[in-house]
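First comes the structure, then the notes that go with it.
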Amino acid sequence: MHQLMTETHEQILAAVRNYVTDLFTNKLDPMFVFHNLDHTEDVADACSRLADHFQVTGDDRFVLSIAAWFHDTGYTSGHVDGHEDVSVQLATDFLHQHVVDDPIIQRVNSAIQATRMPQSPLSLVEKILCDADLMHLATEDFKARNQLLKQERENILGTKISRKEWRKGNIQFLEGHKYFTEYGQQHLEPKKIENLNDIRKKKDRKEIEKEEEQEAFPYVYERGDQRGNKDDVKNAERGVQTMFRTTSHNHLELSSMADSKAHILISVSSIIISVTLSFLISRLSFYPQYIIPTIILVVTCLGSVTFAILSTRPSISKGQFTEEDIRNKKTNLLFFGNFYRMQLEDYQWGMNQMIKDKEYLYNTMMMDIYYLGVVLSKKYRFLRIAYTIFMYGLIVAVIAFAVAAITTEATGTSDTTSSPVIDY
């Protein structure tokens, strides 16, 4: 390994090992009996062996080694949720202090974030780290490691976890897990399946069927309704799907209605402006009293057209998303404006990540409905302004024309009666 990186890399890596060792030794809560220095050293060693297998060298090996040492340092904060973000911050601060280039830091952070469950590695370095992080699933001492993980979980929750419940959770996790590298799929997967089968032997068929129902749609069980059956699950899922479908349809209908109203107003105002400019403007020199009413009419139509156009003017975002957006569940892949500049492969990867995560999937659908509502609010706000301008402006313009006409008639009558009579 030492021959595969520069001397500077070796010096920084030695400092990383010392720093992480000190963190786990002095700052880690004793309740973390699994995610500790021993686990980190095992992961770093597994990364080294996998790197040898795939002949990873240079910057790639440097990034992999640093990410392996830092990936669980976030546990020193005392919290499980979001520990990857803390690990990223610790790694970033340390590497900045040691003047490591930003591209290397970004790759380290991306590799650490890839270990977030569900794992989502893209590069070979990220895949190696993810496989190394869960290599214990395919080892002979899986039971002992698993017992430490159970104890750690009990320490965090402050309560005992029944063997049946823990066994159920292990089966679900092992069934859903996959190794990403070719080495992991060929050499680690078979042993993991053996460990899974050993656990399965302790379960009866009814328990497995019930867990499949929970996996299909968990909300019935999360409410504490242990009497939920397949019909309950299907009905609940159908109800949620109908709600999303109906709400989205209503939003789209309202949007279509708003566009139609804007189109009507734009058409009417444009006709009025066209007639005014072609007919009245050329005659204003003969009828100067109509100048102000004409200006009022034109300004009214221009104002209403402007706000009607603003209500229908599209707003398109940058059309790209990042790996961080997907892993942090921050982007809505159901809206074209968030992906139209992405490659098909990247979009498919993002969609697959969303589909595998039911919470992300449903949150994305909620996000889509929410932003449709925001757009609708903007449309109808501008439309209200446009119609208000048109209504009151038209009233004022008609009154102004009427006053001008009456004034013209009165002035014309007065001039006739007061003019001198000439008798020839």
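Residues in the sequence shown are numbered from 0 upward in steps of one, following numbering that gives the first Met the number 0. Glycine is no exception: its CB is placed at the ideal position from the N, C-alpha and C atoms. Predicted model, so just to flag it, every value in this text is computed and none were measured.
### Query
How about Leu-375 and Ser-255: are their beta carbons less than 8 Å apart?
no
### Nearest residue (CA-CA) to Asp-71, options Asp-59, Lys-142 and Ser-86
Ser-86
### Task
For Gly-223, count neighbouring Cβ atoms within 10 angstroms of its own Cβ and tell me buried if that reaches 16, exposed if not.
Below a pLDDT of 50, predicted positions are generally treated as unreliable, and Gly-223, at 45, falls in that range; no measurement from the model is reported.
### Query
If you draw a straight line from the alpha carbon of Phe-179 to that of Leu-128, how long is it in whole angstroms?
10 Å
### Query
Would the beta-carbon of Ala-404 fall within 8 Å of that of Leu-296?
no
### Query
Leaving out the 5 sequence neighbours to the left and right, which residues in its chain are closer than 6 Å to Ser-310 when beta-carbon positions are compared?
Ala-261, Lys-378, Phe-381 and Leu-382
### Task
Check whether the Cβ atoms of Val-19 and Leu-63 lie closer than 8 Å to each other.
no
### Query
For Asp-100, does the three-state DSSP call read helix, strand or coil?
coil
### Message
Going by beta-carbon coordinates alone, are Thr-75 and Phe-23 separated by less than 8 Å?
### Response
yes
### Query
Cα separation between Ser-269 and Val-304?
8 Å
### Query
Enumerated in chain order, which unbroken segments of the beta strand (DSSP E) with a length of 3 residues or greater are wholly contained in the segment 65-150?
none
### Query
Alpha carbon to alpha carbon, what distance is there between Gly-318 and Gln-10?
41 Å
### Query
By a C-beta neighbour count over all protein chains shown, 10 Å radius and 16 as the cutoff for buried, is Arg-106 buried or exposed?
buried
### Query
Hey, would you say Asp-130 sits closer than 8 Å to Thr-114, going by beta carbons?
no
### Touch test, the segment 338-348 against the segment 362-371, Cβ-Cβ under 8 Å, three pairs minimum
no
### Query
Between the Cα of Arg-60 and the Cα atoms of Arg-199, His-8 and Ile-160, which residue gives the shortest distance?
His-8
### Query
If we ignore side chains and look at the alpha-carbon of each, how far apart do Val-298 and Ile-271 end up?
11 Å
### Message
Taking only three categories from DSSP, how would you classify Val-55?
### Response
coil
### Query
Taking the alpha-carbon positions, what's the Tyr-361 to Leu-371 distance?
15 Å
### Query
Which runs of the alpha helix (DSSP H), 4 residues or longer, sit entirely within the segment 308-343?
322-326
### Message
Output needed for Pro-117: all residues of its chain with C-beta closer than 8 Å, excluding positions within five of it in sequence on either side, in chain order.
### Response
Gly-175, Gln-352, Lys-355 and Asp-356
### Task
Classify Ala-409 as buried or exposed, calling it buried when 16 or more other Cβ atoms lie within 10 Å of its own Cβ.
exposed
#### Entry: Supposed contact pair Phe-33 and Glu-151 - C-beta distance, whole angstroms, cut 8 Å
4 Å
### Message
Here's a check: name, in chain order, each residue in its chain whose Cβ is nearer than 7 Å to the Cβ of Ile-384, leaving out the five neighbours to either side.
### Response
Phe-306
### Query
Tell me which same chain residues have a C-beta within less than 6 Å of the C-beta of Trp-165, skipping the five on either side of it?
Lys-149
### Rounded Cβ spacing between Leu-187 and Ala-137 (contact assumed at less than 8 Å)
4 Å
### Query
For Ile-315 versus Gly-349, is the C-beta spacing smaller than 8 Å?
no
#### Entry: Reduced DSSP category for Leu-12 - H, G, I as helix; E, B as strand; rest coil
helix
#### Entry: Alpha carbon of Asp-80 to alpha carbon of Leu-89, nearest angstrom
16 Å
### Query
So, helix, strand or coil for Gly-168, using DSSP?
helix
### Task
Compare the Cα-Cα distances from Gln-171 to each of Ile-155, Ile-198, Leu-147 and Ser-161 and report the closest residue.
Ile-198
### Query
What do you get for Gly-183, buried or exposed, if any count of 16 or more other CB atoms within 10 angstroms of its CB means buried?
buried
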